[in-house]
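>
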Amino acid sequence: MNRNTSKSIALGARLRNVRVANKLSQRALAKKIGVVHSLLSRNESGQRVPTRAEVIRILEPLDITDRDREEILEMTEDPGGSPLAVIELPERRAQLAALVEVEQMAQEVVSWSPLVIPGLLQVSAYTRSIMEAAEMPEAEIATRVAVRMGRRDVLTRRNPVRFTALIGEAVLQQTIGGPEVMAEQFDHLLMMSAHENVELRIVPSATGWHAGLNGAFHLIKCNGTSFVHLENSISSVFVQEPESVAGFEASVPRLLEVAMSAERSFEVIAREVRTTGVA
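Anchor point for the sequence shown: position 151 equals 151 in UniProt numbering, and the numbering is continuous, going up by one each time.
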């Protein structure tokens, strides 16, 4: 099957990661399993969806854990089909892994976050405070905080993702974790806004109705295909149908029109740093 979807890209990224972890080139692995290396290339880019039997064949000569093997094989179940929509915790963990893989392969990401700091810009104390308030188990909190902090690497790596963060002004007034946590979070926003690949824009609360009031979204552009990740406290979903994604893409320029300039946004955040009163 030839189809770029969030699932196929995530599966391809996992296959690439386990191959690299085994220190094998595509050509070397292709030779071991008796296929042309271009087939592995298309699998790993998400341009082609390998069958379960093909994935078993690819993994056979690789040194990987049983858990990794099981997770990868689970991803072969309808990898080019319906969007990833999950509610149960084990499924949410699998989708979080898929989100990480897709972000790693992305060229551009746009986040509209009217209620909290976007995940790619959160500091660990801020993330932890949110999860503790949700009364998650400590082990789950530790894992998810570590994953979220790891996700931030796409912004500072070589050839970083182009990231546009659209943040609701009300977010700056939400004291999550206390003044010290917010001071650290604001300092991090200012630091990240200095990166050439990061555009941080505050959307004023007094703007009136705008497209973003339909809800938060995380738009990911990867290998010529766009996906939207939506999440709330009990469920999350990848939206990949072109007609649906187009609606979210159309919201971005409208949000940018009503947002403060990058310079003004910096000033507003810097003011919040001063008003936290934390030395």
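Heads up, the beta-carbon is just placed ideally off N, CA and C, and yes, glycines get one too.
Are three or more beta carbon pairs between the segment 256 to 265 and the segment 203 to 210 nearer than 8 Å?
yes
> Go ahead and pull the three-state DSSP assignment for R162.
Translated into positions along the sequence shown, residue 162 becomes position 162. Reduced to three states, the DSSP call for R162 is strand.
> Could you tell me the distance, in whole angstroms, from the CA atom of N38 to the CA atom of I72?
Counting from 1 along the sequence shown, the entry for residue 38 is found at position 38. Counting from 1 along the sequence shown, the entry for residue 72 is found at position 72. It should be pointed out that residue 38 corresponds to Ser in this sequence rather than to Asn. For S38 and I72, the distance between alpha carbons rounds to 20 Å.
> Rounding to the nearest angstrom, what Cα-Cα distance links A194 and E140 in this structure?
On the sequence shown, residue 194 is found 194 positions in, with the first residue counted as 1. On the sequence shown, residue 140 is found 140 positions in, with the first residue counted as 1. If you take the alpha carbons of A194 and E140, they lie about 32 Å apart.
> Can you tell me whether DSSP reads I117 as helix, strand or coil?
The residue you call residue 117 lines up with position 117 of the sequence shown. DSSP places I117 in coil when its eight states are reduced to three.
> Return the CA-CA distance between G34 and M136, expressed in angstroms with no decimal places.
The sequence position of residue 34 within the sequence shown is 34, counting from 1. The sequence position of residue 136 within the sequence shown is 136, counting from 1. When rounded, the distance between both Cα atoms is 46 Å.
> What span of residues does the alpha helix (DSSP H) with I56 cover, start to end?
One-based indexing of the sequence shown puts residue 56 at position 56. It spans R52 to L59 - the alpha helix (DSSP H) in which I56 sits, taken as one unbroken run.
> Taking 8 Å as the cut-off, decide whether the C-beta atoms of V116 and V171 are in contact.
What you label residue 116 is simply residue 116 of the sequence shown in a count that begins at 1. What you label residue 171 is simply residue 171 of the sequence shown in a count that begins at 1. Their beta carbons are under 8 Å apart, which means V116 touches V171 by this criterion.
> Within a Cβ cutoff of 8 Å, which residues of the same chain sit near V239, ignoring the five residues on either side of it in sequence?
Here residue 239 refers to the residue found at position 239 of the sequence shown. P83, F227, V228, H229, L230, V245 and F248.
> Would I58 count as contacting chain C if we go by Cβ distances under 8 Å?
In the displayed structure, chain C is absent; only one protein chain is listed.
> Just verifying my parser: in three-state terms, what is the DSSP assignment at S226?
The residue given as residue 226 occupies position 226 in the sequence shown. It is a strand residue.
> In terms of alpha-carbon separation, which member of S41, R148 and T175 lies closest to A98?
Your numbering for residue 98 matches position 98 in the sequence shown. Among S41, R148 and T175, the Cα nearest to that of A98 is on R148.
> Less than 8 Å between C-beta atoms, sequence neighbours within five positions excluded: which residues of the same chain meet that for Q104?
Within the sequence shown, numbered from 1, the residue matching residue 104 stands at position 104. Correct list, in chain order: A13 and V154.
> Look at the alpha carbon of residue 331 and the alpha carbon of A270, and state the distance between them as a whole number of angstroms.
Only positions 1 to 279 of the chain appear in this structure, which leaves residue 331 out of reach.
> Pull up the CB-CB distance for L11 and M75, whole angstroms please, since I reckon it's below 8 Å.
The sequence position of residue 11 within the sequence shown is 11, counting from 1. The sequence position of residue 75 within the sequence shown is 75, counting from 1. Confirmed, about 4 Å.
> In whole angstroms, what is the alpha-carbon distance linking V102 and Q26?
The residue you call residue 102 lines up with position 102 of the sequence shown. The residue you call residue 26 lines up with position 26 of the sequence shown. Rounded to the nearest angstrom, the two C-alpha atoms are 20 Å apart.
> For L96, which residues in the same chain have their Cβ closer than 7 Å to its Cβ, ignoring the five residues on either side in sequence?
The count along the sequence shown starts at 1 and reaches residue 96 at position 96. Same-chain partners within the cutoff: V147.
> If you follow the alpha helix (DSSP H) that R144 is part of, which residue opens it and which one closes it?
Counting from one through the sequence shown, the residue named residue 144 turns up at place 144. Here the alpha helix (DSSP H) through R144 covers E138 to R151.
> Using DSSP's beta-bridge definition, name the partner residues of G168.
By one-based count along the sequence shown, residue 168 stands at place 168. BP columns for G168 point to V203.
> So, at 7 Å on beta carbons, what are the nonlocal neighbours of R16 in its own chain, with the 5 sequence-adjacent residues on each side left out?
Start at 1 with the first residue of the sequence shown, and residue 16 comes out as number 16. Counting only Cβ-Cβ distances below 7 Å, and skipping sequence neighbours, we find E44.
> How should E88 be labelled, buried or exposed, when 16 other C-beta atoms within 10 angstroms of its C-beta is the threshold for buried?
On the sequence shown, position 88 is the one that residue 88 refers to. In this prediction, E88 scores a pLDDT of 45, lower than 50, which makes its location untrustworthy; no coordinate-derived value is stated.
> Could you check the C-alpha separation between H188 and L121 for me, to the nearest Å?
The residue you call residue 188 lines up with position 188 of the sequence shown. The residue you call residue 121 lines up with position 121 of the sequence shown. When rounded, the distance between both Cα atoms is 8 Å.
> So S124 is in the alpha helix (DSSP H); what residue range does that whole segment cover?
Taking the first residue of the sequence shown as position 1, residue 124 is located at position 124. S124 -> alpha helix (DSSP H) spans S124 to A133.
> Using the beta-carbon count (16 or more within 10 Å), is E267 buried or exposed?
As a position in the sequence shown, residue 267 is number 267, starting the count at 1. Exposed, because fewer than 16 other Cβ atoms sit within 10 Å of the Cβ of E267.
> Let's test the definition: count the other Cβ atoms within 10 Å of the Cβ of R264 and tell me whether it reaches 16, buried, or not, exposed.
As a working mapping, residue 264 is identified with position 264 in the sequence shown. That one is exposed.
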